[in-house]
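Asker:
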Amino acid sequence: MNINYHQNGHILHCHIQGDMTVETSSDIKRSFMKNIRSSKWNILINLKGVTKTDVAGIATLIEFTKILKELGGSLKLAELPENILDLLEITKSRKLFEIYESDEDALRHF
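First residue of the sequence shown: 645, per this note's numbering; consecutive thereafter.
1. Note down, in chain order, each residue of its chain lying with its Cβ closer than 7 Å to the Cβ of Asp671, except the 5 sequence neighbours on either side.
2. Looking at His659 and Gly693, is the spacing between their C-beta atoms short of 8 Å?
3. Along the alpha helix (DSSP H) that carries Asp747, what are the first and last residues, could you check?
4. Tell me the rounded alpha-carbon separation between Leu724 and Leu705.
5. Sort Ile680, Gly701, Leu691 and Asn727 by Cα distance to Leu715 and report the nearest one.
6. For the beta strand (DSSP E) containing Met677, name the first residue and the last one.
7. Tell me the rounded alpha-carbon separation between Gly665 and Lys696.
8. Taking C-alpha atoms, which residue in Ile687, Asp747, Tyr744 and Glu667 lies nearest to Lys710?
9. Please report the straight-line C-alpha distance between Glu667 and Gly653, rounded to a whole angstrom.
10. On the premise that Glu742 lies in contact with Leu721, defined as a C-beta separation below 8 Å, what is that separation, rounded to the nearest angstrom?
11. Give me, in chain order, the residues of the same chain whose beta-carbon lies closer than 8 Å to that of Ala703; leave out the 5 immediate sequence neighbours on both sides.
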């Protein structure tokens with residue numbers, strides 16, 4: 645698992661590559677918390693490079709959404725692979741997220 649971050653104005657843009665599973669969710673959370681500590685952020689997470697996910701990966705995204713709302717920010721997801729979209733449907737959690745087909749489309753909605 646690898647996460648690349650860059651700031652785009654008032655938006656923190658993240659690209660996750662590799663697995664987003666029970667085995668990696670604590671590392672993802674730790675990296676995310678390190679990058680938003682003591683700041684109000686709007687976050688865009690691009691999931692195009694995620695090769696495998698499970699319910700723990702989805703739970704991590706739900707937790708990020710909650711944390712960002714508490715900080716006055718928001719989370720948008722872009723370029724979700726079909727397996728993640730399917731899991732969001734199965735877990736009935738798709739409605740919890742703002743999902744966009746591209747980074748550019750998501751950036752226009754902040």
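Idealized CB from N, CA, C, for every residue including glycine. All values derive from a computational prediction rather than experimental measurement.
Answerer: On the basis of the supplied data:
1. Met645
2. Inclusion of Gly693 and His659 in the CB contact set at 8 Å is warranted, their separation being smaller than that value.
3. Asp747 to Leu751
4. 12 Å
5. Ile680
6. Not the beta strand (DSSP E): Met677 falls in the alpha helix (DSSP H), residues Ser669 to Ile680.
7. Before going on, a small fix: residue 665 reads as Thr here, not Gly. Approximately 7 Å between the Cα atoms of the pair.
8. Ile687
9. Distance from the CA of Glu667 to the CA of Gly653, rounded to the nearest whole angstrom, comes to 32 Å.
10. 7 Å
11. Ser669
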